[in-house]
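For the protein sequence lines, the chains are A and B, in the order given. Numbering of the first sequence is given in the numbering used here, commencing with residue 38 and proceeding in unit increments. Numbering of the second sequence is given in the numbering used here, commencing with residue 38 and proceeding in unit increments. All residues carry an ideal CB built from backbone N, CA and C; glycine is no exception. Treat the numbers as computed from the prediction; the structure is a model and nothing was measured.
2 protein chains.
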Amino acid sequence: MTTAATRRTPAEKHEERRRALAASALTTLGELGYARASLREIAKSSEFSHGVVHYYFHDKLDLIVSCVRQYKATCVHRYDGVVDDAASADGLAAAFADALVRTILDEAPMHRLWYDLRAQTMFTAELREAVLAIDATLEEMVWRVVARYADLAGAAPALGPRAAYGLLDGVFQQALLGHLVGRDDALVDLDAEVRRVLPTLLV
Amino acid sequence: MTTAATRRTPAEKHEERRRALAASALTTLGELGYARASLREIAKSSEFSHGVVHYYFHDKLDLIVSCVRQYKATCVHRYDGVVDDAASADGLAAAFADALVRTILDEAPMHRLWYDLRAQTMFTAELREAVLAIDATLEEMVWRVVARYADLAGAAPALGPRAAYGLLDGVFQQALLGHLVGRDDALVDLDAEVRRVLPTLLV
DNA sequence: TCAACGTCTTGACAACTGTCCAGAGGACCG
DNA sequence: CGGTCCTCTGGACAGTTGTCAAGACGTTGA
Numbered sequence: 038m039t040t041a042a043t044r045r046t047p048a049e050k051h052e053e054r055r056r057a058l059a060a061s062a063l064t065t066l067g068e069l070g071y072a073r074a075s076l077r078e079i080a081k082s083s084e085f086s087h088g089v090v091h092y093y094f095h096d097k098l099d100l101i102v103s104c105v106r107q108y109k110a111t112c113v114h115r116y117d118g119v120v121d122d123a124a125s126a127d128g129l130a131a132a133f134a135d136a137l138v139r140t141i142l143d144e145a146p147m148h149r150l151w152y153d154l155r156a157q158t159m160f161t162a163e164l165r166e167a168v169l170a171i172d173a174t175l176e177e178m179v180w181r182v183v184a185r186y187a188d189l190a191g192a193a194p195a196l197g198p199r200a201a202y203g204l205l206d207g208v209f210q211q212a213l214l215g216h217l218v219g220r221d222d223a224l225v226d227l228d229a230e231v232r233r234v235l236p237t238l239l240v
Numbered sequence: 038m039t040t041a042a043t044r045r046t047p048a049e050k051h052e053e054r055r056r057a058l059a060a061s062a063l064t065t066l067g068e069l070g071y072a073r074a075s076l077r078e079i080a081k082s083s084e085f086s087h088g089v090v091h092y093y094f095h096d097k098l099d100l101i102v103s104c105v106r107q108y109k110a111t112c113v114h115r116y117d118g119v120v121d122d123a124a125s126a127d128g129l130a131a132a133f134a135d136a137l138v139r140t141i142l143d144e145a146p147m148h149r150l151w152y153d154l155r156a157q158t159m160f161t162a163e164l165r166e167a168v169l170a171i172d173a174t175l176e177e178m179v180w181r182v183v184a185r186y187a188d189l190a191g192a193a194p195a196l197g198p199r200a201a202y203g204l205l206d207g208v209f210q211q212a213l214l215g216h217l218v219g220r221d222d223a224l225v226d227l228d229a230e231v232r233r234v235l236p237t238l239l240v
C-alpha cells in the first residue's frame, strides 16, 4: 500500500533521514563551533541517539562534510532576488546592503560556523574539497551582484571576481564579528560601508 | 655572582620561561590549529613536560591568550618600514603588495592560526578581549598604509579605517587559503589584486 | 505465525583531554 | 654541611571523545 505516509521508497527514506540528521547537526555546529561539537552533543539536540550517526554516516567528518554541502544549498541564491529586482545601481546597492544586514540578523550562527570551517580547511585537508566548492559558489554569487551593479551603472568592474569576493567577504566578516561581540553599530556600519564600497568597484 | 648567565632576577627568569613556553606553543598551534592542539602535544614539541604548563599558566586558555598577545608583538609593525621608505604612491603599493606576499610565504601557519582564533572568538567569549585588541591594532596598521598611500597620491581615502581593513584583510585571507590548498597562482594574484585595489580606495 | 530485514538504542572500548599533586632534583644561602 | 626555596617531572584523576557491536524494536513478506 502506498499511502501518503509511506509513499517514499526505502532509499529515499534513508536519504531523508540523512538530511534530517545533517540539518540538526548544522544547528548544533552553529551553536558550539567545530572544536566543541561532539557527536553526543549533536545527537542530543536531535531526535536520535548518539549511535545512529554511524548508521547514516561513515565518519564524523562525513557528517560534517554533508552538513557543509547542505548549508551550501540554503545560501547560494540568497541575493539573486536582489539582483533580479534592481532597477537602478543605487537601488541595487541599497537592497544588497540591506540583505547582507538581514543575513547577519537572521543567521549569525550559521555564518560564524562557515568562517570556522573555512579556517579548519587551512589545517585539515579532508574538508578542502567541500569548503572550496562552496567558496567558489559564493564568489560567483557575489560576482552576479557586482556585474549587475556595473551593468546598471553603465560602467565596468574595476576588479575580478576573486578580488571582489574577498573584499566584500572581508567587510561582511568584520561586521559579523562585531555583531557577535555586541558592538551595536556593527550592522549600521556594514550598511554604510557596502554602499560606499560598491561605487569604488567601478572604473 | 652576577655572570652573564644569571644576570636576571628570578621574576625576570620566570617571565622569560613564560615567553619561551608561549613561543613554543605558538608554533604548535600554528601547526595543528586550536581544535587539535592539546597541552601534551604543545609540551611535546617544547623542552618541557606537560605538567609544567600549569606552573606558568593558570589555564589552557591563559596559555593561548598569552600566545595571542605574543603573536601581536611580532606582526603589528610589520609594514611600517614599507610606509616609511615609500617615495611614491605606486612605489608604496608595490612594496606593500610584495610585503603581503612575503608574509604568506614566511608565516602561513601563524596566520591561519590567527583566522582560526578569530573564528573561535565568535563562539567563546574568553578569547574576545585579546583577539579584538589585536584586530584593532591590525586595523590601525592597515590604516597607516592606506593613509600614507593617499597622502603620496595627493588624494583622500574613500573609506574609513574599518572598511579598508576588512577589505584588504578579506583579500589577504583569500590568498592565504589559496596558498595553503596549493593553488599556485594565489600569491601572484594577491600581488596584482592589491595593486589594483589600492587605487580604488581613493576619491 | 514465523522468519527476515532495516532501523535504532544502549552500553562498552580505548584513547585522549585538562587538571592536579606528590615528590624528585637542583640552586642558593645560612 | 643542612635547610629552604623554586623548578620541573611523571603519574594519576575524572571526564569526554569517536567508534563499534550486540541486541531490541517494529515492520514487512511468506
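Cα-Cα separation, residue i to residue j
i                            : j                        : result
serine 103 of chain B        : valine 168 of chain B    : 11 Å
arginine 55 of chain A       : valine 120 of chain B    : 54 Å
threonine 64 of chain B      : valine 113 of chain A    : 36 Å
leucine 129 of chain B       : valine 183 of chain B    : 10 Å
alanine 59 of chain A        : aspartate 96 of chain A  : 13 Å
alanine 136 of chain B       : leucine 227 of chain B   : 11 Å
alanine 72 of chain B        : serine 75 of chain A     : 12 Å
threonine 158 of chain A     : proline 47 of chain B    : 43 Å
phenylalanine 209 of chain A : aspartate 117 of chain B : 27 Å
tyrosine 152 of chain B      : serine 83 of chain A     : 30 Å
proline 146 of chain A       : threonine 111 of chain A : 14 Å
phenylalanine 160 of chain A : glutamate 144 of chain B : 14 Å
isoleucine 141 of chain B    : leucine 213 of chain B   : 6 Å
phenylalanine 85 of chain B  : leucine 150 of chain B   : 23 Å
leucine 69 of chain A        : alanine 62 of chain B    : 24 Å
alanine 193 of chain B       : alanine 57 of chain B    : 44 Å
glutamate 166 of chain A     : alanine 190 of chain B   : 42 Å
leucine 66 of chain B        : leucine 98 of chain B    : 12 Å
Secondary structure of residue i, DSSP reduced to three states
i                       : result
threonine 43 of chain A : Its pLDDT being 40, under 50, threonine 43 of chain A is placed unreliably in this model, and the coordinates cannot settle the point.
leucine 98 of chain B   : helix
leucine 239 of chain B  : strand
glutamate 52 of chain A : helix
Cutoff 9 Å: residue i Cβ touching any chain B Cβ
i                            : result
glutamate 163 of chain A     : no
alanine 167 of chain A       : no
glutamate 49 of chain A      : no
phenylalanine 133 of chain A : no
aspartate 226 of chain A     : yes
tyrosine 116 of chain A      : no
tryptophan 180 of chain A    : no
valine 234 of chain A        : yes
threonine 111 of chain A     : no
glutamine 107 of chain A     : no
aspartate 143 of chain A     : no
aspartate 206 of chain A     : yes
alanine 190 of chain A       : no
aspartate 172 of chain A     : yes
methionine 159 of chain A    : yes
phenylalanine 209 of chain A : yes
Min CB distance residue i to chain A below 9 Å
i                        : result
leucine 213 of chain B   : yes
valine 218 of chain B    : yes
glutamate 230 of chain B : yes
tyrosine 202 of chain B  : yes
threonine 65 of chain B  : no
arginine 199 of chain B  : yes
aspartate 127 of chain B : no
tyrosine 71 of chain B   : yes
tyrosine 186 of chain B  : no
arginine 149 of chain B  : yes
Per-residue burial, residue i [other beta carbons within 10 Å of its own, 16 or more giving buried]
i                        : result
tyrosine 92 of chain A   : exposed
valine 240 of chain A    : exposed
glutamate 176 of chain B : buried
valine 225 of chain A    : exposed
histidine 148 of chain B : buried
threonine 237 of chain A : buried
threonine 39 of chain A  : Any answer about threonine 39 of chain A is weak, because its pLDDT of 36 lies below 50 and its placement is not dependable; what the coordinates show is given next. By the 10 Å Cβ count, threonine 39 of chain A comes out exposed.
alanine 223 of chain A   : buried
alanine 123 of chain B   : buried
aspartate 221 of chain A : exposed
arginine 77 of chain B   : exposed
glutamate 230 of chain B : buried
glycine 88 of chain A    : exposed
Any non-hydrogen atom of the ligand GDP within 8 Å of residue i CB
i                      : result
alanine 156 of chain B : Absent from the structure shown: the ligand GDP. Ligands present: none.
- Message: Count Cβ pairs between the region 217-224 of chain A and the region 170-181 of chain A that sit closer than 8 Å; are there 3 or more?
- Response: no
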